[in-house]
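Residue numbers (our numbering), protein chains in the order written: chain A, 2 to 313; chain B, 17 to 437; chain C, 57 to 353.
Built from N, CA and C at the ideal position, the CB exists for glycine as well.
Working notes, structure below.
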Amino acid sequence: MISYLVFFACIVLILSLLTLGLNLQWGFTGLFNAGVVGFYAIGAYTHAILTASPQPQYLGNFGLPWLVGVLAAMAATALAGWLIGLVTIRLRGDYLAIATFGVAVSIQLVTLNWEPLTGGSQGLTRIGKPFAQLFETPFGFNLWFLGLMIVILGTTYWALDRVLLSPWGRVLKAIREDETAAVALGKSARRFRLEAFVLGSTLMGLAGALYVSFIGFVSPFDFLPIVTFQVWAMLIVGGSGNNRGAVLGALVVWGIWAGSGVAVTKLVPPSRAAQGAAIQVILIGLLLVLVLLFRPRGLIGEAAVVSRHVND
Amino acid sequence: MERRGRSAVVSAVALVAGVLAAAPAAAQTCPVKIGGVLPLTGSMAPITKKIAQAAELAIEHVNAGGGVKGCPVQFILRDDQGQPTVGVDAAKYLVEVERVPAFTGTISSGVTGPIIASVTAPSKVVQITCCSTASPFTLDGRSGGYFFRTIPTSKTQAYATASETARRGMKKTVVVYINTDFGTDMLRFYKAAVAKLGGEVIAEVPYNDNQPSYRAEVTKALAAKPESLLLIGFPKDAVTIVREWLSLGGTKSIALNNSMRTMDFVNGVGAKFVEDVFGMDNAQVAGPHVDAFNKAFEEKFQADTKGPGVHTQYDALMVMALAMNISKDLTGPSIKDAVRRVHVPNGTPVGTGPAEFKKAVELIKAGKPIKYFGATGPIEFDANGDVTGPALVWKIKDGQIVTDRSITIEDMQTLFKRVEN
Amino acid sequence: MIQALADGILTGAIIALGAIGVTFTLGIMRFANFAHSELLTWGAYIALVVVAFAGPGTPTGPLSFGWQLLAAALVAAVLTGFAAWAVDVLVFRRLRRRGALPLTMVFAAFGAALVMRHLIVLIWGHESRYYTRELQLAVELLPGARMLPDQIFILGLALAAMIVLHAFLAWSRTGIAMRAMAESPALAQVCGVEVDAVVRLTWIISGALAAFAGVFTGLTPQLHPEIGFNLLLSLFAAAILGGTGSLAGAVVGGFLVGLGENLSLLVISPGYKGAMPFLLLLVILIVRPQGIFGDKA
């Protein structure tokens, strides 16, 4: 039981990183990135290609150390975020959404079709795990990984808090709320947006690298659009514009996703499993609609920011 | 706001914990638990229905035949939704919370792969799949020997297909294949075999599944002016592809893979339009063990057993239950070794159905070796955890799927030698 | 080449029908309705129920179906139109009245889509269904271009529906009100447009066209619970390509996406087909960020 909870917590924390990255882009900057899974995939594959143990039929699989893979994954996603941002960032709202969505679909297709590098649909295995050889049981490794995740997520969370309270973060919010006013004050909206986009994408890339180094296997089927949807649902349910909400949303949505499966298994006999599974998905959909109906700003909404000079 | 946020956290944790706490604590007494992970929803769901039924039937037969070590078997089936993260979570739940020492699953290799890497191999539990054919899973040692499959690898089927297309003198073949590990594997091995056995592939057109139309792919395939078609995929997409192929003037000389041996496909395209097609399948043609399974399935579900994964899923669970009986204890490593003792050369033959299972259990209790003949024929795993079974060629006659000829294990071994020297 | 063009136009006609509803909800309701694809599915299955009672009819002329299927499509269109409106009353209207952000609406739509799709699974199961078992042979229309009689008929019907809708939007009072709403909801309201009535009509028209698109997709050749979902991305690409809120945009966008998917395979591997609508979209958005027919905001 504990072992499962540790595993579950690792997944939730990885998803939280994704949600935090998206929160920076959407919650604080207002960029509708519907291609979350694309950046996740770039991070994951960069790490996998660099750290997987060598195999003659693949171009990559360099067997490099775990840390190199993680850092390179972040660098590669930052670069990709910058390139994609350069082209798409001036698009607004739904247009940016569909453009980034298309980018994510294209990235997934590249991972599926570029077989010599990505292994195609066969995927890549034996991906670098951090200090895995020190642990004899999967529980030991998962526990260590959970500790690692807590440190990484904690650091990210703390750094994001700092950054958002800094002048840079305040400009982001200003642009989101009233672009004209911010531009009038001499801030380049485009530059700040692009920076937020790149930073958010980098976090998604980090999440991707951590996910594959936790699981040890990657294939294109890990990066279908449903993942983007799940991350968005986490942010919306938790409450966008609030990093605590982003983490809570990851816990609640993934908890419902996994927990409803357990509930259906307990309540429905195997002979009715197909119907039970359909009902499970219907329940997930209903819950999402209900949360939005009754808490349209998420479980934790954005904290109101009031100038401390307001009562002067 | 602050308090609300905290109460939300608390209630979320309580929700998750509550759901998980509902699971009984792990204790290895009766009943014995066996896990299952299958895509009950999502794009693979249409073929999963019968596979899940076959699993249910196998568990019923096991229980009627005495269960495992005197205990009834409880089957816990989870949905992977065709999504890797969901599948891994489900498998992890089965192994860590329900404490199953062995489980069956799943279909899509994109889900099976991460399960092997993060659950099966590190936790040392036995996984037997009915359907994941990706060749590297067994070959590169990634599973530590804990992963088995009752379906022959794509290689077996691809070689058999090539021998049949060569025998029928099919020329100028275009291969339209699903862009997954299964499709690419089949294409690779088919091309290797055709080079040795005769025939030529003039164009290769991959397709991504779940599209509303395949006109573009079909048009591209027809542009090569082929005289025959080899279609590798799954029934739902294949119906659309074959109909578009025929209506755009494609040839009726079509070869198909095992998945299309289902009436859903034949009726979908229209029986009168597919009189000339033939296909391969891995199953044993006939014999008392196969018939017994077919009869039991038809009686229970009022449906025929034709369809991908039905026979292999039944065997996956029967093998698992037999191995658990043979194994000295119900731990992964012991069961893994016992899987190789369900088909011992000098063992007493046992077959499908509750009575045969009962017979097997009594033999095992008496310390005697057994030799299992399943719904797909003799189940003997090689060093990698793969089976090489016989194959059959099927065709459509008077709107029904009938067996054209069979390729015995001996024929198959000769075939392997000819292709691979 | 010519065959790919013909295929592209046929695919495009169905995408255009579905994209009209998407563009309306984007333009008038101001959110991306991801549940729209499920209206296609529901339309197709409602028609299936009618066909189950009436039969697909004896094949008329070169077509593979009779008037019964057309009647079924009409019934499906009406019922799906009202179903679309019912979803609005149950979910979207409540959210609008609470001043929900467009993105909240988008996710509510995602949730609604999950429910709608899996209700189909519960009722009809995952198995494929068919309106008719007839298989048509394509006729060579132009040298090198084969088309099915059914598809030519569908193309005609789709074009007719678009023309009728265009006339309605251009000349009828309600139609003008709808266009005014798409331009500027606030201004339209000031000018005395009954917002509720326009919203209701928008849903009914969107649902009805979606049902037609669903039935036509189901004719070639099968229905399954993901029939609409598989078209979702193409629908959105078409709507945005053309410029949101624009009927002409959705139609042109639909044809462009259809042509793009089919023609691109002449040069690239079919493995990349799924990326085509988006690459096309990206190019057009870079040149014209508001879409082909969209107004500069």
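Does the distance from the C-beta atom of residue i to that of residue j stay below 8 Å?
{"i": "Pro222 of chain B", "j": "Ile123 of chain B", "result": "no"}
{"i": "Gly314 of chain C", "j": "Ala100 of chain C", "result": "no"}
{"i": "Val329 of chain A", "j": "Gln231 of chain A", "result": "Shown here, chain A extends from 2 to 313; a query on residue 329 of chain A therefore has no answer."}
{"i": "Asp206 of chain C", "j": "Arg231 of chain B", "result": "no"}
{"i": "Ile395 of chain B", "j": "His359 of chain B", "result": "yes"}
{"i": "Val190 of chain B", "j": "Ala237 of chain B", "result": "yes"}
{"i": "Leu272 of chain B", "j": "Val293 of chain B", "result": "yes"}
{"i": "Thr79 of chain C", "j": "Asn89 of chain C", "result": "no"}
{"i": "Leu60 of chain A", "j": "Thr157 of chain A", "result": "no"}
{"i": "Ile92 of chain B", "j": "Val111 of chain B", "result": "no"}
{"i": "Ala73 of chain A", "j": "Phe224 of chain A", "result": "no"}
{"i": "Thr177 of chain B", "j": "Gly215 of chain B", "result": "no"}
{"i": "Thr120 of chain B", "j": "Gly52 of chain B", "result": "yes"}
{"i": "Ile99 of chain A", "j": "Ala35 of chain A", "result": "yes"}
{"i": "Leu287 of chain C", "j": "Thr273 of chain C", "result": "yes"}
{"i": "Gly390 of chain B", "j": "Thr364 of chain B", "result": "no"}
I want to verify the contact list: residues of chain B whose CB lies under 7 Å from the CB of residue i, in sequence order.
{"i": "Gly327 of chain C", "result": "Asn195, Pro222 and Asn224"}
{"i": "Pro425 of chain C", "result": "Given a span of 57 to 353 for chain C in the structure shown, any question on residue 425 of chain C remains unanswerable."}
{"i": "His92 of chain C", "result": "What His92 of chain C touches in chain B: nothing, since even the nearest Cβ is about 15 Å away."}
{"i": "Leu167 of chain A", "result": "Correcting the residue type first, residue 167 of chain A is Ser in the shown sequence and not Leu. The premise fails here: Ser167 of chain A is roughly 23 Å from chain B at the closest Cβ pair, so nothing lies under 7 Å."}
Could you tell me which residues DSSP puts in a beta bridge with residue i?
{"i": "Val48 of chain B", "result": "B:Val89"}
{"i": "Ile248 of chain B", "result": "B:Tyr193"}
{"i": "Met203 of chain C", "result": "C:Val195"}
{"i": "Ala407 of chain B", "result": "B:Ile423"}
{"i": "Glu220 of chain B", "result": "B:Val191"}
{"i": "Leu287 of chain C", "result": "DSSP, once it has assigned bridges, lists no residue as partnering Leu287 of chain C."}
Could you work out which residues of chain B lie near residue i, taking near to mean beta carbons separated by less than 8 Å?
{"i": "Ile283 of chain C", "result": "Pro228"}
{"i": "Gln124 of chain C", "result": "Within chain B, no residue comes near Gln124 of chain C; the closest Cβ sits about 20 Å away, beyond 8 Å."}
Name the chain C residues that come within less than 9 Å of residue i, Cβ to Cβ?
{"i": "Phe289 of chain B", "result": "Leu191"}
Grouping DSSP H, G and I as helix and E and B as strand, with all else coil, what is residue i?
{"i": "Asp95 of chain B", "result": "strand"}
{"i": "Thr364 of chain B", "result": "strand"}
{"i": "Thr67 of chain C", "result": "helix"}
{"i": "Ala49 of chain A", "result": "helix"}
{"i": "Arg185 of chain C", "result": "strand"}
{"i": "Thr172 of chain B", "result": "helix"}
{"i": "Ala37 of chain B", "result": "Because the pLDDT at Ala37 of chain B is just 44, under 50, the model does not fix this residue reliably, and the value given afterwards should be weighed accordingly. The answer is helix: DSSP assigns Ala37 of chain B an H, G or I state."}
{"i": "Ala43 of chain B", "result": "Residue placement at Ala43 of chain B is poorly supported in this model, since its pLDDT is 42, which falls under 50; the coordinates still yield a value, given next. Residue state, collapsed to three classes: coil."}
{"i": "His359 of chain B", "result": "strand"}
{"i": "Ser151 of chain B", "result": "coil"}
{"i": "Ala72 of chain C", "result": "helix"}
{"i": "Arg20 of chain B", "result": "Low confidence applies to Arg20 of chain B: its pLDDT is 48, below 50, so where it sits in the model is not reliable, and the reading given next is rough at best. Arg20 of chain B: helix per DSSP, three-state reduction."}
{"i": "Cys145 of chain B", "result": "Strictly speaking, residue 145 of chain B in this sequence is Thr, with Cys absent from that position. Three-state DSSP puts Thr145 of chain B in a strand."}
{"i": "Leu157 of chain C", "result": "coil"}
{"i": "Arg86 of chain C", "result": "coil"}
{"i": "Val213 of chain A", "result": "helix"}
{"i": "Arg165 of chain B", "result": "strand"}
{"i": "Met218 of chain C", "result": "helix"}
Counting only Cβ pairs nearer than 9 Å, list the residues of chain B close to residue i.
{"i": "Thr67 of chain C", "result": "Pro228, Ser229, Arg231 and Ala232"}
{"i": "Val292 of chain A", "result": "Here the premise fails: no neighbours, minimum Cβ distance about 11 Å."}
Which bits of chain C does residue i rub up against, with CB to CB less than 7 Å?
{"i": "Lys108 of chain B", "result": "Under the 7 Å cutoff, chain C gives no residues; its nearest Cβ is about 24 Å from Lys108 of chain B."}
For a contact defined as C-beta to C-beta under 7 Å, what are the partners of residue i on chain A?
{"i": "Arg154 of chain C", "result": "Pro297"}
{"i": "Val113 of chain B", "result": "Met2 and Tyr5"}
Could you list which residues in chain C have their beta carbon closer than 8 Å to that of residue i, in chain order?
{"i": "Ser134 of chain B", "result": "Within chain C, no residue comes near Ser134 of chain B; the closest Cβ sits about 27 Å away, beyond 8 Å."}
{"i": "Ala12 of chain B", "result": "Given a span of 17 to 437 for chain B in the structure shown, any question on residue 12 of chain B remains unanswerable."}
{"i": "Lys252 of chain B", "result": "Ser184, Gln278 and His280"}
Under 9 Å Cβ-Cβ, which residues of chain A neighbour residue i?
{"i": "Gln416 of chain B", "result": "Here the premise fails: no neighbours, minimum Cβ distance about 27 Å."}
Under 8 Å Cβ-Cβ, which residues of chain A neighbour residue i?
{"i": "Ile296 of chain C", "result": "Asp95, Tyr96 and Ile99"}
(request) Taking only beta carbons into account, state which residues of the region 216-248 of chain A come closer than 7 Å to chain F, listed in chain order. (result) Chain labels in this structure do not include chain F; the protein chains are A, B and C.
(Q) Going residue by residue through the region 107-151 of chain A, where are the continuous alpha helix (DSSP H) segments of at least 4 residues, counting only ones entirely within it? (A) If you keep only unbroken alpha helix (DSSP H) runs of at least 4 residues inside the region 107-151 of chain A, you get 116-119.
### Unbroken stretches of the beta strand (DSSP E), 3 residues or longer, contained in the region 366-394 of chain B
Segments of the beta strand (DSSP E) lying fully in the region 366-394 of chain B: 386-390.
Every unbroken alpha helix (DSSP H) inside the region 146-185 of chain A [4 residues or more]
Listed in chain order, they are 168-178 and 180-185.
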